[in-house]
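See below for the structure under consideration.
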Amino acid sequence: MSRIVLRSRLLQAILLATLGITSARSADPLPSWNDGATKQRIVEFVRSVTTVGGPDFVPVSKRIATFDNDGTLWSEQPAYFQLQFSIHRTRKLIGSHPEWRTTQPFKAALENDLATLTSGNGKPFLALTASTLGGLTVTEMHAEVGEWLKSARHPRFQRPYTDLVF
Numbered sequence: 108m109s110r111i112v113l114r115s116r117l118l119q120a121i122l123l124a125t126l127g128i129t130s131a132r133s134a135d136p137l138p139s140w141n142d143g144a145t146k147q148r149i150v151e152f153v154r155s156v157t158t159v160g161g162p163d164f165v166p167v168s169k170r171i172a173t174f175d176n177d178g179t180l181w182s183e184q185p186a187y188f189q190l191q192f193s194i195h196r197t198r199k200l201i202g203s204h205p206e207w208r209t210t211q212p213f214k215a216a217l218e219n220d221l222a223t224l225t226s227g228n229g230k231p232f233l234a235l236t237a238s239t240l241g242g243l244t245v246t247e248m249h250a251e252v253g254e255w256l257k258s259a260r261h262p263r264f265q266r267p268y269t270d271l272v273f
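Numbering (this note's numbering), first residue to last: 108 to 273.
Next up, the structure:
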């Protein structure tokens, strides 16, 4: 077989495979969800509000998207990414704040005590975040988070946090 024919067949195979993957994806708008009543209701709702001329249609200009922060956008267990970053900042700043070793919530952060940090309706986490991130400019915060993301790994999955965004 000539090289041209071989390349042509290879290209055809790649295109067919790509089309198959695309069709499979479009056939199921939520492929990572388990089939069931909840998934079905969500798909039906979206279909009803996006079907032009339908009784429930909502024009694009009137649609509002909301996102829940409990595992919808990124992994939430064993702790939110923001909490992991605040723990990192506590460890980074401990040299300038030796009193944190015996003061909550910093002590809990240094000991990776997630139960304490997430107790009290989130107050320890908020206090930790305010103390470790307060005073940073937007540019400094962006740089700090960017630097952390280069090496930080999720404690459960041992993968970069950027791989755990849905």
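Where is the CB? At the ideal position from N, CA and C, for every residue including glycine.
- Inclusion of L235 and A216 in the CB contact set at 8 Å is warranted, their separation being smaller than that value.
- Residue environment analysis places Q191 among the buried positions, since at least 16 neighbouring C-beta atoms fall within 10 angstroms of its C-beta.
- Below 8 Å, enough C-beta pairs join the region 205-213 and the region 229-245 to call them touching: three or more.
- Contact between N219 and I201 is ruled out by a C-beta separation of about 13 Å, above the 8 Å threshold.
- Between T157 and K257, the alpha-carbon positions lie close to 39 Å from each other.
- Taking every protein chain shown into account, the CB of V159 has fewer than 16 other CB atoms within 10 angstroms, so this residue is exposed.
- Remark: C-beta atoms of T197 and T239 approach each other more closely than 8 Å.
- Its chain contains S155, V156 as the residues whose beta carbon lies nearer than 7 Å to that of D163, once the 5 sequence neighbours on both sides are disregarded; these appear in chain order.
- Shown here, R170 sits in coil according to DSSP, grouped into three states, outside any helix or strand.
- The beta-bridge partner set that DSSP reports for P212 is empty.
- In the structure shown, P136 falls within a coil segment according to DSSP collapsed to helix, strand and coil.
- DSSP places E206 outside any alpha helix (DSSP H), giving it a letter other than H or E.
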